[in-house]
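Single-structure report; data block below.
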Ligand SMILES: Cc1cc2nc3c(=O)[nH]c(=O)nc-3n(C[C@H](O)[C@H](O)[C@H](O)COP(=O)(O)OP(=O)(O)OC[C@H]3O[C@@H](n4cnc5c(N)ncnc54)[C@H](O)[C@@H]3O)c2cc1C
């Protein structure tokens, strides 16, 4: 459905749903909005998938309010779609059956920072940068850093990761516990603050990555880390992509404690040079970061230099001052926007596969040849320490032919990764865009997912039409 088709999607609402919306409007007043532009903003995210707006957007302020909304919506089977800041990339927030979107912009509080235990409790609408500034004076930090300034609720819901996952883990490892409003209106706390537990089914990890389809997250307990004594950032140019990938595999196999190891291909470097005013040589390049003691990081740098030299890489150019390091990593994080500048007016179709490390060089190489053959303008970038890489294909969204060509390319990228023992999505999640690959990836596991969805959300209220299709 196109934006124009959905403009008046809520004109034909059933009487029950219309009554629910009226009740919600009376209850939430100015925190209920149904203007077309706001609905459109909430049904169209950073994605190539066409917009499908919800019927209304509500801004809850507490878990109790979310319970009230769920109980009201259940009576008329009105879908509920939780919303962070809308940076997901696979149509996660589309409202194919309308419904209400819950925007957590008014639930941003940090409820506790337990410095001795190195954990914190937050509401779902806080963004990663807001949490970072809150923690600034504590000597602690939260390491999951998707390129966008996403919310912690959205990040838990998509099982997000980022540049530091190679050292500190993804949201899967770093969420200790969640408060979740279930489809029946009950409130569940999925865990405690203990670092480990064997107490029953692991509800925390069932909810992490469930993309708002099994429950609505209203609170998170997160692990924190101490800011290391020394942080060294560096860039290392290579003659070939293959050499860069092989160096990554050797560094990880050797147990080198790299905190970040990101690959940018020559086109990505061209884009960041122009956008972030850098002057890096336009060759395959690794962006690196070493965390530890002064002596430890120096030793890591020396070992890395040797590994890189053996694969045609170097010299290493590093930055220790916080402002220089920040400039480098901000440039990496801005790559999406930088990339758009390579083809003004185009949109990005971003692939997201992850393969076992030993297959990374081969997978990147085959994908690169595929890009060349297709003639795309498509920077390649990767969290390669985890075997995860993205191709950002720049597409003219007015051209159905181009879109079909890129879609077929995406299928090939996924097929290739699956054949190599990898996954169709390393970090962006399924949304609607990756649903078609789940059967191939999980086989009979998909039936288990459907059974879980049906058991926890029998009326298909929560973010319907995502991850698994219900009949
Ligand atoms: C430039 C750019 C760079 C990116 N880089 C990365 C990256 O490096 N790593 C990475 O992992 N991702 C990356 N992404 C993707 C995106 O940022 C992540 O998927 C992020 O976790 C989404 O968070 P959000 O707050 O925007 O959530 P939204 O997009 O608003 O929502 C995402 C999903 O989570 C659900 N959801 C949101 N809040 C809740 C809640 N409180 N309870 C239950 N469900 C909820 C929604 O229903 C939806 O299904 C990038 C995106 C962009 C645009």
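Residue numbers (the working numbering): 1 to 471. For each residue, glycine too, the CB sits at the ideal point set by N, CA and C.
- [ ] Flag residue 97 as yes when its Cβ comes closer than 6 Å to any non-hydrogen atom of ligand 1, and as no otherwise.
- [x] no
Open item on the list: Is the separation between the beta-carbon of residue 229 and that of residue 429 shorter than 7 Å?
Closed with: no
TODO: Would you identify the three-state DSSP class for residue 205, choosing helix, strand or coil?
DONE: helix
Open item on the list: Quick check on DSSP: helix, strand or coil for residue 36?
Closed with: helix
TODO: Note down, in chain order, each residue of its chain lying with its Cβ closer than 6 Å to the Cβ of residue 157, except the 5 sequence neighbours on either side.
DONE: 211, 212
Task: residue 467 (DSSP reduced to helix, strand or coil) - done: coil
TODO: Compute the minimum distance between the beta carbon of residue 53 and the heavy atoms of ligand 1, and state whether it is under 6 Å.
DONE: no
Task: residue 83 - DSSP class collapsed to helix/strand/coil - done: strand
TODO: Please classify residue 253: is it buried, with 16 or more other beta-carbons within 10 angstroms of its beta-carbon, or exposed?
DONE: exposed
Open item on the list: When you measure from the CB of residue 463 to every non-hydrogen atom of ligand 1, does any distance come out below 6 Å?
Closed with: yes
Open item on the list: Using only the alpha-carbon positions, how far apart do residue 340 and residue 322 sit?
Closed with: 27 Å
Open item on the list: Please tell me whether, using a cut-off of 6 Å, the distance from the CB of residue 49 to the nearest non-hydrogen atom of ligand 1 is below it.
Closed with: no
Task: Nearest-angstrom Cα separation, counted from residue 75 out to residue 32 - done: 19 Å
TODO: Report buried or exposed for residue 1, applying the criterion of at least 16 other Cβ atoms within 10 angstroms of its Cβ.
DONE: Residue placement at residue 1 cannot be trusted, given a pLDDT of 36 that sits under 50; what the coordinates show is reported in the next sentence. Flag for residue 1 reads exposed.
Task: CB of residue 81 within 7 Å of CB of residue 460, strictly - done: no
TODO: Report yes if the C-beta of residue 217 is less than 6 Å from at least one heavy atom of ligand 1; otherwise report no.
DONE: yes
Open item on the list: Checking 7 Å against the spacing of the C-beta atoms, do residue 37 and residue 427 come in under that value?
Closed with: no
Task: First through last residue of the beta strand (DSSP E) which encompasses residue 332 - done: It is not in any beta strand (DSSP E) - residue 332 instead sits in the alpha helix (DSSP H) that spans 322-333.
Open item on the list: Less than 7 Å between the C-beta atoms of residue 336 and residue 91, yes or no?
Closed with: no
Open item on the list: Is residue 89 a contact residue of ligand 3, with contact defined as CB to any heavy atom under 6 Å?
Closed with: Ligand 3 is absent from the structure shown, which contains only ligand 1.
TODO: Return the chain-ordered ranges of every beta strand (DSSP E) run that is complete within the stretch 297-379 and spans a minimum of 3 residues.
DONE: 317-319, 347-350
- [ ] Compute every distance between the C-beta of residue 65 and the non-hydrogen atoms of ligand 1, then say whether any falls below 6 Å.
- [x] no
Task: Burial state of residue 14 (16 or more Cβ within 10 Å) - done: exposed
TODO: Under 8 Å by Cβ, that's how I've got residue 438 and residue 450 pegged, so tell me the actual separation to the nearest angstrom.
DONE: Contact doesn't hold; Cβ gap of about 10 Å is too wide.
Task: Neighbourhood of residue 193 by C-beta, 8 Å cutoff - its chain only, sequence neighbours within 5 removed - done: 114, 117, 119, 176, 177, 221
TODO: Quick one: give me the first and last residue of the beta strand (DSSP E) that residue 260 is part of.
DONE: 258-264
TODO: List the whole-angstrom C-beta distance separating residue 363 from residue 423, where the pair is believed to meet the contact cut-off of C-beta under 8 Å.
DONE: Incorrect: roughly 12 Å between the Cβ atoms, too far for contact.
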